[in-house]
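Asks: The structure under discussion is supplied below as structure tokens; questions concerning it will follow.
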Amino acid sequence: MIQGHTSLRRNVEGCDWEAAKGQFVPWDDGHVPVNLRHTEDYQSTLLVRDPTYHQQHQSEVHTIDESVHESLVDAIYEYTVQQSTPWGAYVRIDQIQEEWNRHGTSCALPASSSISNTKETSSKEEMFVKVAAAYFHRVLQVFQDEKDHLASNVDAHGIAVWGLAAKEGSQVTYHLDYAEQLRYQCNVIVPPIYAGTLQCSKIANMEGGCYCVHTAGLQHYEKYGFKGKKSGYVSSTELLLNEEYLEGRWVTIPYRYNRMIVQRGHLPHLSTPIASLPPGQQRVIVGFNVFRHDVGPFVERAPEHSSAFRRRVALQGILERNMAGPALSLESVRSNPALAKLLVQAKRFQIKNELLFRQNELDERIDLILRKEGPKCVGDLIEGLARQDGDWPNADDVHVHIHRRCKEGRWMPLRQNESEPVQHKLMTTVALISLSETNNENVKR
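Following the numbering used here, the numbering of the sequence shown begins with 26 at its first residue and continues without gaps.
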């Protein structure tokens, strides 16, 4: 057990890493979010290593040319360059399965005729599902040994998808993909199980903009750190020119239209500076991160580059500036309505997170009691778990929480007055509850 993270080991807004056999590793990548450095309960950085997908020998990087139907690639390009900011979305595996059931697993591949009018007829949501389905199909092709678990939705929960348009001089600094919002809130690094990109610009003579990935994985990231800050190199070019590049651990992949890259999710990577582009064109890439059920639902709430994510980042920025600089005065807040609104949102966001965290803690305590002692009377649980100091949860809070979780199927009522079914009225305090069969299996894993 890692000190200071007892509650975090299973619950951050529902993230269950123990069920996925995630391994907590103390980690120093040279970075701690500013807002977390100033809190009294500051936690050192942890990384959740997935023993199935994040092994050191798992360093595959695959390049697939002519990977997706061109009409879909072109539609994504047009949509991305028309946006004033990058876009982000999250596509669950069950949405991909539904897409495959309707149109076949190869519906978005080059030979398909089912999406010839994508650019004209598809909504952006349909476009996101189609490109995620095409990427996931390629994942299943190149990682055959893991196909059964992934395709059956046992391991993969969903795919974070985002689109970026870049101009001359742009570059992507050295980094490791992970659930960004989780890092901001809790200083926990959870890499995806797979990652990748799709290159969408019809550019024949672009200079630079190569995708570079290091096959040493987490070992390399631990050495070089967040955005390479532990290495002392100030740019991607300097980092690439050091002696490790000459040893062949970097894989460099030039930009090419309709080229897809599929790789393990724990491999750090970067993009070299774009030296030149044809007039009027931008380099567009789509990024993919596949997350498991442990953190996928969390990522789904605010996928990276989505409007929800940007709102949270804006709130985070205000909190960071407030903590790092002089305190905000009441007059400065009153004179800035936009700032006042954001501060109210930040406070609501903080309260919501605290409540979710305490609800998860209560779930864990009741799970533990039911697992060790068997079925328990609701009244006994209320008496043993309710707080008397006015803080959450009081007796009514515990009662309502148990009722709600029974409706959701986490626990199962064993004795209930037939005239007061759990679906409609608050269950009585004399009712007995136990772990549901599904929850019992999850706890055993």
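All residues carry an ideal CB built from backbone N, CA and C; glycine is no exception.
For I376, count neighbouring C-beta atoms within 10 Å of its own C-beta (all shown protein chains included) and say buried if the count is 16 or more, exposed if not.
Replies: Exposed, because fewer than 16 other Cβ atoms sit within 10 Å of the Cβ of I376.
Asks: Does any heavy atom of the ligand GDP sit closer than 7 Å to the C-beta of L165?
Replies: Because no ligand of any kind appears in the structure shown, any question about the ligand GDP cannot be addressed here.
Asks: Per DSSP, which residues does W52 bridge with? Please list them.
Replies: None, per the DSSP bridge assignment.
Asks: Please say whether E329 and W112 have beta carbons closer to each other than 8 Å?
Replies: Not a contact, by the Cβ cut-off of 8 Å.
Asks: With three or more beta-carbon pairs closer than 8 Å as the criterion, would you say the stretch 186–201 touches the stretch 274–285?
Replies: Not touching, per the Cβ criterion.
Asks: Quick check: what's the CA-CA separation for F334 versus E123?
Replies: C-alpha separation (whole angstroms): 26 Å.
Asks: Residue range of the beta strand (DSSP E) that W275 falls in?
Replies: Looking at the DSSP string, the run of the beta strand (DSSP E) that includes W275 is W275 to I278.
Asks: For Y282 and M231, I'd like the C-alpha separation in whole angstroms.
Replies: Whole-angstrom Cα-Cα distance: 11 Å.
Asks: Can you give me the C-alpha to C-alpha distance between I299 and K192, rounded to a whole angstrom?
Replies: If you take the alpha carbons of I299 and K192, they lie about 7 Å apart.
Asks: Have a look at the DSSP bridge pairing and note the partners of P438.
Replies: BP columns for P438 point to I458.
Asks: For a quick check, are the C-beta atoms of V164 and Y78 less than 8 Å apart?
Replies: No, these two residues do not count as a Cβ contact at 8 Å.
Asks: Alpha carbon to alpha carbon, what distance is there between D202 and V287?
Replies: Taking the straight line joining both Cα atoms gives about 13 Å.
Asks: Specify the secondary structure class of C225 as computed by DSSP and reduced to three states.
Replies: Coil.
Asks: Give the list of continuous beta strand (DSSP E) stretches no shorter than 3 residues that lie fully inside the stretch 87–121.
Replies: Counting whole runs of 3 or more residues, the stretch 87–121 contains the beta strand (DSSP E) stretches 112–117.
Asks: Reducing DSSP to helix, strand and coil, say where K192 ends up.
Replies: If DSSP states are grouped into helix, strand and coil, K192 belongs with coil.
Asks: Quick one: what's got a C-beta closer than 8 Å to G242's C-beta in the same chain, skipping five residues either side?
Replies: H79, Q81, Q83, S84, R289, H291, L292 and P293.
Asks: For V324, count the other beta carbons within 10 Å of its own beta carbon; 16 or more makes it buried, fewer makes it exposed. Which is it?
Replies: So V324 counts as buried.
Asks: Distance check for M437 and L393, CA to CA, integer angstroms please.
Replies: The straight-line gap from Cα to Cα measures roughly 15 Å.
Asks: Kindly indicate which residue of V309, H245 and G404 has the alpha-carbon position closest to the one of Y536.
Replies: No answer is possible for residue 536: the residues shown for the chain start at 26 and end at 470.
Asks: Would you mind working out which of A114, G312, T453 and Y209 sits nearest L223, comparing C-alpha positions?
Replies: Closest option to L223, Cα to Cα, is G312.
Asks: I118 and A181 - do their beta-carbons sit closer together than 8 Å?
Replies: Taking 8 Å as the Cβ cut-off, A181 and I118 qualify as a contacting pair.
Asks: Can you say whether K155 is buried or exposed, counting buried as having 16 or more other CB atoms within 10 angstroms of its CB?
Replies: Result: buried.
Asks: Span of the beta strand (DSSP E) holding F313?
Replies: First-last of the beta strand (DSSP E) with F313: R308 to R317.
Asks: Following the continuous beta strand (DSSP E) through L71, name the residue where it begins and the one where it ends.
Replies: L71 to R74 is the extent of the beta strand (DSSP E) around L71.
Asks: Determine the direct distance from the alpha carbon of L395 to that of L71, and round the result to whole angstroms.
Replies: So the alpha carbons of these two residues sit roughly 30 Å apart.
Asks: Looking only at its own chain, which residues have a Cβ that is under 6 Å from the Cβ of G434, when we skip the five neighbours before and after it?
Replies: Within the same chain, G434 has close Cβ partners S461.
Asks: Whose C-beta lies closer than 6 Å to the C-beta of P362 among residues of the same chain, with five residues either side of it excluded?
Replies: Nothing meets the Cβ criterion.
Asks: To the nearest angstrom, how far is the alpha carbon of L457 from that of H428?
Replies: Looking at the two C-alpha atoms, the distance is approximately 11 Å.
Asks: Assign Q413 to one of three DSSP states: helix, strand, or coil.
Replies: The answer is coil: DSSP assigns Q413 none of H, G, I, E or B.
Asks: Leaving out five residues on either side along the sequence, give the residues of the same chain with a beta carbon under 6 Å from the beta carbon of R430.
Replies: If we look at R430 and ignore the five residues flanking it on each side, its Cβ neighbours are W436.
Asks: Looking at the unbroken beta strand (DSSP E) that takes in Y160, where does it start and where does it end?
Replies: Careful: Y160 lies outside any beta strand (DSSP E), inside the alpha helix (DSSP H) at K149 to V167.
Asks: Within the continuous beta strand (DSSP E) that includes H239, where are the two ends?
Replies: Residues Y236 to H239.
Asks: Would A229 be called buried (16 or more neighbouring beta carbons within 10 Å of its own) or exposed?
Replies: Flag for A229 reads exposed.
Asks: Using DSSP bridges, identify the partner residues of C431.
Replies: DSSP, once it has assigned bridges, lists no residue as partnering C431.
Asks: Take the Cβ of P418 as the centre, count every other Cβ of all protein chains shown within 10 Å, and call the residue buried at 16 or more, exposed below.
Replies: The residue in question, P418, is buried, as its Cβ has 16 or more Cβ neighbours within 10 Å.
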